[in-house]
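Working notes, structure below.
Protein chains: 2
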Amino acid sequence: MPQTKRTIYDLAGANPDLRFSPPCWAIKMSMKHKGLEFETIPWRFTDKDAISFSGQGRVPVLLDGDREVHDSWQIAQYLDETYPDKPLMKSSTVQASVRFVKAWVDNAMQPAIMPLIIADIYDCIHEKDRDYFRESREKRFGMPLDQVCKDKQKQAAVLNEVLKPLAEALSELDFLGGSTPNYADYAVFGRLQWARVVSRETFAPTDWEGPISEWFNRLLNLYDGFAKQTPRVLGDK
Amino acid sequence: MPQTKRTIYDLAGANPDLRFSPPCWAIKMSMKHKGLEFETIPWRFTDKDAISFSGQGRVPVLLDGDREVHDSWQIAQYLDETYPDKPLMKSSTVQASVRFVKAWVDNAMQPAIMPLIIADIYDCIHEKDRDYFRESREKRFGMPLDQVCKDKQKQAAVLNEVLKPLAEALSELDFLGGSTPNYADYAVFGRLQWARVVSRETFAPTDWEGPISEWFNRLLNLYDGFAKQTPRVLGDK
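If you're matching them up, the sequences are chains A and B in order.
Using the working numbering, you'd call the opening residue of the first sequence number 1340 and step up by one each time.
Using the working numbering, you'd call the opening residue of the second sequence number 1340 and step up by one each time.
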């Protein structure tokens, strides 16, 4: 039987190997979790035509043979339905809890981290994406990009506060999935990997030492260091 | 076989029927979830002697026949081990996710709600508890009680922001446990019931309408309206 070809459209910077999209990372880790082979296609914010077949304009988009799935949460569920081995969410009860974790990632982690790295993102994206990025983000924040983070130290303290539930839970757990990672881990991981890949400083919230750091390193080392080896703006520093 | 007597030491106000402790509510709802009969003993912050048998000074404390268990998270796990029917957390994977939700309740919800109701709590607790409460909370906040909330409208906006993950998750779910409630629901519920019981205003964060409100009402109505019928400072208003 010929192997199904699987392709993920994956946000890239000017350097096509710089991959920093949080939901794309959540899905790439989920594919690795299930042991599914895939290749990625570098995609930029303004490459709307390249994924117009999906009927929308955001990544990740997964092509699994002739099937198309988009939206990270939909893809995660599609993967569990299609490849039930090594579930990302073992039951509908687990899926409900993970839905909350995902909502926390999007509504608490995202706004706390974004101001710290928004200038780094602008600097690493493709030139053709810059006007789009500036306009859409300035509209979202209601201010010029360079005013979004007036005080990095203060914003790092905000992030530290936001991450407290994660630190407390991980002080008692190996993974948010318990003894093995599940989709909650990958969703949270994606948001931190985002910062790790684009940051020109060492991305270091106040308590970067401790359980979050230990857990993050465990995830970086999974799957033969798949996420650890990805190119970063800072290189190996 | 004689029925085991179960007793919960439950924080009360000056009015012994006014019960507002979030972890006590989480445990009382958990007992109802399992269909376990229990009685409660009203306890005040300074009644340290009454629970000294537990080797610590906080409630809830559960006496289950001759067994003593304290700390809400320990009690929840004890209940699942001892009464495996109608689990509060169906598996170790669910338990791990719920541990995160509990950490979010304690580290994000708690500090966002507390300033809005700290004066209400002070006013409804027993006279003998007031010095203890004022001193311990002024120490925690590093300021006099009446300065903890300088701007209620601003604090309500902070709470609204903190509750966004909950609102988003509940827009797609009946309960954090999925189609039926689990311990995640009861832990979050306890923090809102705290405010509902003591608040002299109608406790109404900016988006109190919507999925959180609908979910909260579902929980209030469970178990023959057990949590709905509890006395409040506002009465039936």
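Just so it is clear, CB atoms sit at the ideal spot from N, CA and C, and this is done for glycine as well.
Predicted, not measured: the structure shown is a model, and the values here were computed from it.
Item, Value
"If you drop the 5 nearest sequence neighbours on each side, which residues of the same chain put their C-beta closer than 6 Å to that of Tyr1348 of chain B?", "Ile1380, Trp1382, Ile1390, Val1398 and Val1400"
"I'd like to know if the stretch 1494–1510 of chain B and the stretch 1443–1463 of chain A are in contact, where contact means that at least 3 CB-CB pairs between them fall below 8 Å.", "yes"
"When you compare only the Cα positions, how much space is there between Ile1456 of chain B and Lys1441 of chain A?", "29 Å"
"With H, G and I counted as helix, E and B as strand and the rest as coil, what does DSSP make of His1372 of chain B?", "helix"
"So which residues on chain E does Pro1504 of chain A lean against when the C-beta distance must stay under 7 Å?", "Structure shown: chain E not included; protein chains present are A and B."
"Going by C-alpha to C-alpha distance, which of B:Leu1559, B:Asn1556, B:Thr1346 and B:Leu1558 sits closest to Asp1405 of chain B?", "B:Thr1346"
"Tell me whether Ala1365 of chain A sits in a helix, a strand or coil according to DSSP, three-state version.", "helix"
"Assign Ile1464 of chain B to one of three DSSP states: helix, strand, or coil.", "coil"
"Kindly indicate which residue of A:Ser1538, A:Val1537, A:Ala1508 and A:Ala1534 has the alpha-carbon position closest to the one of Asp1524 of chain A.", "A:Ala1508"
"Measure the Cβ-Cβ separation of Lys1425 of chain B and Gly1374 of chain B and say whether it is below 9 Å.", "yes"
"In whole angstroms, what is the alpha-carbon distance linking Ser1431 of chain A and His1409 of chain A?", "21 Å"
"List the DSSP bridge partners of Asp1419 of chain A.", "Beta-bridge pairing links Asp1419 of chain A to no other residue."
"Evaluate the contact criterion for the stretch 1355–1369 of chain A versus the stretch 1552–1571 of chain A: three or more CB pairs, one atom per stretch, below 8 Å.", "yes"
"Using 8 Å as the Cβ pair cut-off and three pairs as the minimum, do the stretch 1456–1474 of chain B and the stretch 1529–1542 of chain B touch?", "yes"
"I want to verify the contact list: residues of chain A whose CB lies under 9 Å from the CB of Arg1425 of chain B, in sequence order.", "The sequence shown places Lys at residue 1425 of chain B, rather than the Arg named in the question. Here the premise fails: no neighbours, minimum Cβ distance about 13 Å."
"Interface residues of chain A around Val1433 of chain B at Cβ under 7 Å?", "Thr1432, Val1433 and Ser1436"
"Counting only beta-carbon separations shorter than 9 Å, does Asn1521 of chain A have a partner in chain B?", "yes"
"Does the beta-carbon distance from Ala1435 of chain A to Phe1514 of chain B come in below 9 Å?", "yes"
"Our contact map puts Arg1473 of chain A next to Leu1484 of chain A with C-beta atoms below 8 Å; I'd like the distance itself, whole angstroms only.", "6 Å"
"Check whether the Cβ of Arg1557 of chain B lies closer than 9 Å to any Cβ atom in chain A.", "no"
"Name the chain A residues whose beta carbon is nearer than 8 Å to that of Glu1511 of chain B?", "Arg1438"
"Whole angstroms are fine: how far does the CA of Ala1495 of chain A sit from the CA of Ser1411 of chain B?", "32 Å"
"Nearest to Pro1520 of chain B by CA position, among B:Gly1394, B:His1372 and B:Thr1385, is which residue?", "B:His1372"
"Would you call the CB atoms of Arg1476 of chain B and Pro1361 of chain B closer than 9 Å?", "no"
"Which residue wins for smallest C-alpha separation from Gln1413 of chain A, given the options A:Cys1363, A:Pro1454 and A:Phe1377?", "A:Cys1363"
"Suppose contacts are defined by Cβ-Cβ distances below 9 Å. Is Val1487 of chain B in contact with Ala1451 of chain B by that definition?", "no"
"Which same chain residues end up closer than 7 Å to Trp1419 of chain A when comparing Cβ atoms and leaving out the 5 residues on each side of it in sequence?", "With the sequence shown as reference, residue 1419 of chain A is identified as Asp, and Trp is not the correct amino acid for it. Excluding positions up to five away in sequence, the list reads Pro1426, Leu1427 and Met1428."
"Kindly indicate if chain B contains any beta-carbon less than 9 Å away from that of Pro1399 of chain A.", "no"
"Nearest-angstrom Cα distance between Ala1566 of chain B and Ser1552 of chain B?", "15 Å"
"To the nearest angstrom, how far is the alpha carbon of Glu1378 of chain B from that of Leu1402 of chain B?", "10 Å"
"Give a yes or no on whether the minimum CB-CB distance between Leu1561 of chain A and chain B is below 9 Å.", "no"
"Taking Cβ-Cβ distances shorter than 7 Å, what residues in chain A pair up with Gly1481 of chain B?", "Correct list: empty, because the minimum Cβ distance to chain A is about 15 Å."
"Near Met1339 of chain B, what residues of its chain come up, given a Cβ to Cβ distance below 8 Å and the 5 sequence neighbours on each side ignored?", "Because chain B here runs from 1340 to 1576, residue 1339 of chain B falls outside it and cannot be looked at."
"Out of A:Val1437, A:Ala1526 and A:Lys1344, which one is the CA nearest neighbour of Glu1376 of chain A?", "A:Lys1344"
"At 9 Å on the CB atoms, spell out the chain B contacts of Gly1529 of chain A, in chain order.", "In chain order: nothing, as chain B lies at least about 16 Å away."
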